[in-house]
Ligand code: NAP
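In the numbering used here, the protein residues as written are 20 to 340.
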């Protein structure tokens, strides 16, 4: 019987389905060092499924017949793809099914940060609403403003659509290469990164994490933004120099930020927690019941395909047999 290692919590129905056909080992961080568990269980495993763990040579090296890793995520920066290619281990991901939900989250952060919703929610619940709000509690307008999107991929385009149709925004974008057709749908104008940062009222980062996007936004880039700018990151924490962002927020170089992702996750303590002008979400871009279900089903299908020798639909590596 083929062996599958489950390295994070997954939907119970999918787990039950897997258990009917394969030998399944579910790792549990409460039972000790997770990397040690991976190293032990991977030795005779045929496949792995899960999300949110770093998988690379250091914990996969003992694997003797691993054929397939199915990640329940679209981002695959947690995996050493070069190593997987070298070992001829397939990696498959779950694009598309989370695009709209993640774009919703980006817009939730944008609106929350622009209108200071979390701060004013706390203020109201603390019984401080004894008079009308003061000028310092005012937000900034969103409707009709300029939205700059860095990374006009699937999620970036879904964010652009919301801004263009829902909020009558002018859309600017920056991408490694121009996306003429996608951009036409929202009348989005291409800008180089510096121009986009200088001209946008709202800046949303939606790139995948790769060698070119790592630390793409640092002190120099925050200095270019407008004082009233709202900065949103739903991509990956390492795309942004978090210390530079904290400085920019502390010195009111920008109006506010909305973050879903961080340099180190889970974020247990951070100077960000002390700042009133940042909205912090705990990496919930795709975290709705419906979307997570779709993702895990897709990941299951990828896994089964890989295990049965069919090339998975959403393969990340080149198509080696
Ligand atoms: P995608 O379709 O691959 O889009 C990524 C876009 O970023 C592509 O258009 C790519 O350009 C562009 N890009 C990459 N590096 C760049 C750089 N250095 N400068 C400018 N543009 C660059 O991926 P997606 O489905 O939209 O997802 C994007 C990322 O969002 C994922 O990789 C993941 O890390 C993150 N994400 C987060 C959550 C969450 O829970 N917060 C949920 C889902 C996804 P090219 O066209 O040149 O490749």
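Where a beta carbon is used, it is the ideal one built from N, C-alpha and C, also for glycine.
Is the closest heavy atom of ligand 1 to the C-beta of residue 213 under 7 Å? No, Cβ of residue 213 sits at least 7 Å from all heavy atoms of ligand 1.
State buried or exposed for residue 241, treating a residue as buried only when at least 16 other CB atoms are found within 10 Å of its CB. buried
Sort out for me which residues DSSP pairs residue 299 with in a bridge. 278
For a test of your reading of the model: does the CB of residue 70 fall under 7 Å from any non-hydrogen atom of ligand 1? Yes or no. no
Contact between the region 80-99 and the region 53-67 (3+ Cβ pairs under 8 Å): yes
Taking the straight line between their C-alpha atoms, what separation do you get for residue 115 and residue 278? 21 Å
Residue 220 and residue 184 - do their beta-carbons sit closer together than 8 Å? no
Using the Cα positions of residue 180 and residue 56, report the straight-line distance between them to the nearest angstrom. Rounded to whole angstroms, residue 180 to residue 56 spans 44 Å at the Cα level.
Within 7 Å: the Cβ of residue 178 and any heavy atom of ligand 1? no
Under 8 Å: do the region 254-264 and the region 279-297 share three or more Cβ pairs, one atom per stretch? Enough Cβ pairs lie closer than 8 Å, so yes.
Measure from the alpha carbon of residue 202 to the alpha carbon of each residue in 38, 216, 182 and 213, then state which is nearest. 182
Is any non-hydrogen atom of ligand 1 found closer than 7 Å to the C-beta of residue 171, if you look at the structure I gave you? Correct: residue 171 has its Cβ closer than 7 Å to ligand 1.
Which one of 120, 98, 215 and 49 has the shortest CA to CA distance from residue 229? 98
How should residue 232 be labelled, buried or exposed, when 16 other C-beta atoms within 10 angstroms of its C-beta is the threshold for buried? Looking at its Cβ environment, which holds 16 or more other Cβ atoms inside 10 Å, residue 232 is buried.
My parser needs the beta strand (DSSP E) runs of 3 or more residues fully inside the region 33-97; what are they? 42-45, 66-69 and 87-90
Whole angstroms are fine: how far does the CA of residue 293 sit from the CA of residue 155? 17 Å
Could you check which residue in 332, 337, 331 and 325 has the C-alpha nearest to that of residue 84? 325
Run through the DSSP bridge pairs and tell me what residue 111 is partnered with. Partner residues in the beta bridge of residue 111, as assigned by DSSP, are 89 and 334.
Take residue 139 and list the residues in its own chain whose beta-carbon comes closer than 8 Å to its own, dropping the five residues that flank it on each side. 152 and 156
Would you grab the beta carbon distance between residue 315 and residue 33 for me? Rounded to a whole angstrom, and I think it's under 8 Å. 5 Å
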